[in-house]
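According to my numbering, the sequence shown is numbered sequentially starting from 135. Below is one structure, written out as structure tokens, with a few remarks after it.
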Amino acid sequence: MWTTDTANAFAANLVPDDPAQQKVLARDVCDAGQRLRAHFPGLAQQIARDTIAHVPALFSPEAMAQLDEHLTRLPGLVTERVETKEGSWSIDLLDNTYTPFEDTKPQEPFSVLSLAPEFVEALGDATEFTNPVITTRRWVNRYGIGDSIAPHDDTTGDFQIMICLSAPHADCGGELVLANGVSVVLAAGDLLIMKHASVVHWTTPIRSAASVDRATATCRYHVDGGRLPRSKVLPHTQQGPRSRVERQA
Ligand SMILES: O=C(O)CCC(=O)C(=O)O
Numbered sequence: 135m136w137t138t139d140t141a142n143a144f145a146a147n148l149v150p151d152d153p154a155q156q157k158v159l160a161r162d163v164c165d166a167g168q169r170l171r172a173h174f175p176g177l178a179q180q181i182a183r184d185t186i187a188h189v190p191a192l193f194s195p196e197a198m199a200q201l202d203e204h205l206t207r208l209p210g211l212v213t214e215r216v217e218t219k220e221g222s223w224s225i226d227l228l229d230n231t232y233t234p235f236e237d238t239k240p241q242e243p244f245s246v247l248s249l250a251p252e253f254v255e256a257l258g259d260a261t262e263f264t265n266p267v268i269t270t271r272r273w274v275n276r277y278g279i280g281d282s283i284a285p286h287d288d289t290t291g292d293f294q295i296m297i298c299l300s301a302p303h304a305d306c307g308g309e310l311v312l313a314n315g316v317s318v319v320l321a322a323g324d325l326l327i328m329k330h331a332s333v334v335h336w337t338t339p340i341r342s343a344a345s346v347d348r349a350t351a352t353c354r355y356h357v358d359g360g361r362l363p364r365s366k367v368l369p370h371t372q373q374g375p376r377s378r379v380e381r382q383a
């Protein structure tokens, strides 16, 4: 799923000055790739049924903490704060340039993994997109206490992944809820594959008891002939309540 070259590039990018740590991280990525490959037939079925597929504990929480810290310290990082009545969160823009896929050079470790051709090809197969990926967009969503992403329908992009970098305990909010009745609580190290473009989705607010913020690194893939930019925010009143507890009441 990830070649040795990709795994080495990830590690070299994350800890350039620590060859011993690079070896450990590169081996972890290769192992994760092998486990992921074994899961793929089942993941394709999950996506067809639920529009998303969840791979718990693909990476170690320790590696994710390192990656998270690395991504927050990227030079020149641009952060957008989105404040709406229905939800507020922050977006660290990793690459918003919509450069053609074949010309996109990963500038940080998350992009090394998410742009690896072998991985992108497997994602295309699992989500049943036969046209080639022509461009991507990458960012990190960050949710502090009280934050949540407002209900929205991704009107752009064809498939997407999220790697959870950090998440509070499952009791502390941050659940991703889809209007098709599917929901998922991510933990640091989990991978989510999404073909949910037409499904409204949101997250539940992070509770004050949370000891860490929630952060999800995202890569959205656009295929040839697919859907290019723009996404709209919808009111909770239209698309469902903010929290699962309220939803069940
Ligand atoms: O962080 C999440 O779980 C959801 C992110 C999301 O819905 C999006 O970026 O469109």
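Glycine included, each C-beta is placed from N, C-alpha and C at the ideal position.
Same chain, Cβ closer than 6 Å to residue i, neighbours up to 5 away in sequence not counted
{"i": "His335", "result": "Leu312"}
{"i": "Glu380", "result": "Confidence at Glu380 is low in this model, with a pLDDT of 42, below 50, so its placement is unreliable and no value can be given for it."}
{"i": "Ser245", "result": "Arg272"}
{"i": "Ile141", "result": "The amino acid at residue 141 is misidentified as Ile; the sequence shows Ala. Once the five neighbours on either side are set aside, the close Cβ partners of Ala141 are Ala160, Val163, Cys164."}
{"i": "Ala351", "result": "Phe244, Val274, Ile297, Leu299"}
{"i": "Leu310", "result": "Val318, Thr337"}
{"i": "Ala383", "result": "Because the pLDDT of Ala383 is 32, which lies under 50, any placement of that residue in the model is unreliable, and the number read from its coordinates should be weighed accordingly. If we look at Ala383 and ignore the five residues flanking it on each side, it has no Cβ neighbours."}
{"i": "Gly360", "result": "Asp292"}
Residue i to residue j span [Cα, whole Å]
{"i": "His356", "j": "Leu201", "result": "25 Å"}
{"i": "Val333", "j": "Asp151", "result": "43 Å"}
{"i": "Gln294", "j": "Met328", "result": "5 Å"}
{"i": "Met135", "j": "Gly167", "result": "5 Å"}
{"i": "Val318", "j": "His188", "result": "8 Å"}
{"i": "Ala349", "j": "Asn275", "result": "6 Å"}
{"i": "Gln179", "j": "Ser222", "result": "33 Å"}
{"i": "Asp292", "j": "Leu148", "result": "28 Å"}
{"i": "Ala284", "j": "Val158", "result": "38 Å"}
{"i": "Phe263", "j": "Thr185", "result": "13 Å"}
{"i": "Ala250", "j": "Ser282", "result": "30 Å"}
{"i": "Asp324", "j": "Leu362", "result": "27 Å"}
Own chain residues within Cβ distance below 8 Å of residue i, not counting five before or after
{"i": "Ser342", "result": "Ile279, Gly280"}
Run of the beta strand (DSSP E) containing residue i, from where it starts to where it stops
{"i": "Cys353", "result": "348-357"}
{"i": "Leu310", "result": "310-312"}
Element boundaries [alpha helix (DSSP H), containing residue i]
{"i": "Gly167", "result": "153-184"}
{"i": "Met135", "result": "Here Met135 belongs to no alpha helix (DSSP H), and DSSP marks it neither H nor E."}
{"i": "Gly258", "result": "251-260"}
{"i": "Thr206", "result": "195-206"}
Cβ neighbours of residue i in the same chain (closer than 7 Å, five flanking residues each side left out)
{"i": "Pro243", "result": "Phe144, Asn147, Leu148, Leu201, His204"}
Decide yes or no for the touch test of the stretch 230-240 against the stretch 256-276: beta carbon pairs closer than 8 Å, at least 3 of them. yes
Looking at C-beta atoms only, is the number of pairs between the stretch 172-182 and the stretch 198-216 that lie closer than 8 Å three or more? Cβ pair count under 8 Å is below three, so no.
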